[in-house]
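Those protein sequences? They're chains A and B, same order as listed.
Residues in the first sequence are numbered from -18 upward in steps of one, following this note's numbering.
Residues in the second sequence are numbered from 2 upward in steps of one, following this note's numbering.
Right, one structure below, let's go through it.
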Amino acid sequence: MFCIPALLISPLTASAQSRDRTTVIEASNRSDSGLPAGVIEDLGEPQETNPYAPKFSLNAGTQLQFVSNALQEGHNGSADFLFVPTLNISAVQPLPAGFSLDAIAQLDMVIYSRYSSLNFWGPSGSAHVNWQYKSWLPKVYFGTEPYDYQGFDGTNVTAASTITTGIVQNFELGGDGRTQLTLAYKFSEYYAHPSYDNRSANLASVTINHNFTSALSAQAFYSYQYSYYNNAQQTFDFSTFSFNSYHRQDSRNIAGVSLVNRFNKNLTGNLSAAWVGNNSTASGFSYQNIIVSLGVNWQFF
Amino acid sequence: MFQTKYLLTGSVVLSTALFFHNIALAGIPFDSAKVSLTENKVYVGNLKAGGNSRHPAEIGTAVTAKEFVATDAASRAELKFEDNSIVRVGQNSIFSFDAGSRTLSLKEGTMLFYIPHGSGGGNIKTPSFTAAITGTVGKVSKNLLGVLKGEVKVTVDGKVYVVPAGWVLEVVDHQVRLFKYKPGFATSGALYYFGGLLPETPDLGGNPYNNTDPLLNRPTHEPPPLPTRQDF
Chain A
-18 MFCIPALLIS PLTASAQSRD RTTVIEASNR SDSGLPAGVI EDLGEPQETN PYAPKFSLNA
42 GTQLQFVSNA LQEGHNGSAD FLFVPTLNIS AVQPLPAGFS LDAIAQLDMV IYSRYSSLNF
102 WGPSGSAHVN WQYKSWLPKV YFGTEPYDYQ GFDGTNVTAA STITTGIVQN FELGGDGRTQ
162 LTLAYKFSEY YAHPSYDNRS ANLASVTINH NFTSALSAQA FYSYQYSYYN NAQQTFDFST
222 FSFNSYHRQD SRNIAGVSLV NRFNKNLTGN LSAAWVGNNS TASGFSYQNI IVSLGVNWQF
282 F
Chain B
2 MFQTKYLLTG SVVLSTALFF HNIALAGIPF DSAKVSLTEN KVYVGNLKAG GNSRHPAEIG
62 TAVTAKEFVA TDAASRAELK FEDNSIVRVG QNSIFSFDAG SRTLSLKEGT MLFYIPHGSG
122 GGNIKTPSFT AAITGTVGKV SKNLLGVLKG EVKVTVDGKV YVVPAGWVLE VVDHQVRLFK
182 YKPGFATSGA LYYFGGLLPE TPDLGGNPYN NTDPLLNRPT HEPPPLPTRQ DF
């Protein structure tokens, strides 16, 4: 998870140290390392890579989810199984001085087994400019995370363009490199359709990740999100013969655990469980939900 | 008299504390290591007596700082030190170590080293370079050093180079070549898996999927939560 920053910092460190070393020769492309076969057999062959080369990834995944409250009304009264396939392509472009660009384009689909009238699908994505000057410093980013979801019958469910900014700080715990603590904060401004979804959201999260092996890792996480809907709903006041709007405010707590296993270079599996509690000042928007999810992801490249 | 006694006792306590403090800072000397794994023909010999003194090494054989470890073709050995440092010696290698300076010397062949963070670090010495290491994982041959974790300061012909994780320093005809390696190098090669995975994982880079959100180890973008019924 936290290797991109290292990728960005490394070339800087090396090039900074080598700038005044006249004996350093510029790395050039080579097809043959020239190392003896025995060395390659024991150490592997170190082929050089361009630190500023863009990286692309194509992923297809699916989640089978059990949700205790598919309607997200009240307390866990509408259990359902969801099938959630996704397809995404992502790109990361490292830049000098700790900057990078990343972008993801994704196609999501949510299929309910019991409440099939709620089925929806649509594109979503994100694009960020990231900056992390040193690997031990926080990463800050700025970008957009739009989405556009519609029902299977073509009706608009929800869509928004966003302005997002955030900061992420990683800490290594225990000194053996296996456990990381991540603190993150994100602010998003949503310009939504329908417009009563316009909102400002503040999300803070804390995550502990532990790598049992190089393939198997576990996470425990907690997040708190405060959303302020500035155009939540309008009611018609007959006494004044005008529309009154009220401002909806939501506080959402999410706590959960997950296990992630990388079976091979391409296949990753995950098992997660989370509790969601949403308190809203608007009636009908407070709910609790329990989500248990089993998923696989195939990374084509 | 009474005060002198207390002063003397205090001095002894302070000196003892400083002594152990300095040892802790410098790390436990590499006095000896135990052979924890062998493959095919592995030998231990006396450094002063040379190659004629060598005798076969087995699992459990203690190797001191006055000895060397040698391997034949298709032969490998793993050594474990008291501070949990691990050295895996590849085929056709000659390896030794110095106690006080915590120096790992590779005269021929290859090795993979793991020095736990906070153990006091150490040094690497080959015919081409010397290197100062702290908590680090790396791969070494006579003229090449690849850093898998941490950072290594390498001295070549009196000049110092800082090599971070993900980079290789190679010395060819007294010329230094630094380059970033493809991520697959970190976990490739027989020594990486010889004896099982190391206690620490390398700092692998280059996987866009690593750009994850703290939640659920997914990419930074996630679909929004399920719509509520009122959204329809």
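Quick reminder that beta carbons are idealized off the backbone N, C-alpha and C, glycines included.
No experiment lies behind these values; they were computed from the predicted model shown.
The C-alpha of D83 of chain A lies about 11 Å from the C-alpha of L76 of chain A.
Ranked by Cα distance from H174 of chain A, the options A:A254, A:D129, A:R95 are led by A:D129. DSSP places G61 of chain B outside both helix and strand once states are collapsed to three, so it counts as coil. Taking C-alpha positions only, L39 of chain A is separated from N278 of chain A by approximately 10 Å. If only uninterrupted beta strand (DSSP E) runs of at least 3 residues are considered, those enclosed by the stretch 157 to 184 of chain A are 160 to 174. Scanning the stretch 55 to 83 of chain A for uninterrupted alpha helix (DSSP H) segments of 4 residues or longer gives nothing; none is fully contained. Ranked by Cα distance from D178 of chain A, the first of A:H191, A:L184, A:Y210 is A:Y210. In this structure, L192 of chain B lies away from A166 of chain B, with their beta-carbon atoms at least 8 Å apart. Only G25, E26, P27, Q28, E29, T30, N31, P32, K36, F37, S38, N40, V48, A51, L52 from the stretch 25 to 52 of chain A bring a Cβ to less than 8 Å from some Cβ of chain B. Listed along chain A are V20, D23, L24, each with a C-beta nearer than 7 Å to that of T111 of chain B. Taking the beta carbon of T194 of chain A as reference, the chain B residues within 7 Å of it are L198, listed in sequence order.
Note on geometry: alpha-carbon atoms of S176 of chain A and S142 of chain A lie some 11 Å from one another.
Classified as buried, T188 of chain A has 16 or more neighbouring CB atoms from the shown chains inside 10 Å of its CB. Around the beta-carbon of V173 of chain B, fewer than 16 other beta-carbon atoms lie within 10 Å, marking it exposed.
Separation of S37 of chain B and F69 of chain B (C-alpha to C-alpha, rounded to the nearest whole angstrom) is 15 Å. Per DSSP, G147 of chain A lies in no alpha helix (DSSP H) segment; the continuous beta strand (DSSP E) that holds it begins and ends at 137 to 154. Per DSSP, Y193 of chain B is one residue of the alpha helix (DSSP H) stretching across 191 to 194. Y115 of chain B is not a Cβ neighbour of P30 of chain B, given a cutoff of 8 Å.
Unbroken beta strand (DSSP E) stretches of 3 residues or longer found wholly inside the stretch 77 to 129 of chain A: 80 to 93, 101 to 112, 120 to 125, given in chain order. Against chain A, the beta carbon of L80 of chain B has no neighbour under 7 Å; the closest one sits roughly 15 Å away. When 7 Å is used as the limit between beta carbons, S97 of chain B is near no residue of chain A, the shortest such separation being about 18 Å. At least one C-beta of chain A is nearer than 8 Å to the C-beta of A191 of chain B. In the DSSP assignment, G132 of chain A is bridged to A:F101. Under the three-state reduction of DSSP, F31 of chain B is assigned to coil, being neither helix nor strand. For the beta strand (DSSP E) assignment, the uninterrupted runs of no fewer than 3 residues enclosed by the stretch 81 to 112 of chain B are, from N- to C-terminal side, 87 to 90, 95 to 99, 104 to 109. Excluding residues up to 5 positions away in sequence, W112, I148 lie with their Cβ nearer than 6 Å to the Cβ of V121 of chain A in the same chain.
Interface flag for N93 of chain B against chain A is set, since a Cβ pair is found closer than 8 Å. Among the residues facing chain A, S129 of chain B is not included, as its CB has no counterpart in that chain under 8 Å away.
With respect to the C-alpha of V257 of chain A, the residue from A:S239, A:L154, A:N50 having the closest C-alpha is A:N50. Put simply, the backbone Cα of L88 of chain A is about 21 Å away from that of I272 of chain A. Distance check between F62 of chain A and each of A:L68, A:A78, A:G55, A:Q44 places A:Q44 closest, using alpha-carbon atoms only.
The beta carbons of A60 of chain A and I70 of chain A sit no closer together than 8 Å.
Taking CB atoms only, V88 of chain B has no neighbour in chain A less than 8 Å away. The alpha-carbon of A58 of chain B is positioned some 6 Å away from that of V43 of chain B.
With a threshold of 8 Å between beta carbons, V169 of chain B makes contact with chain A.
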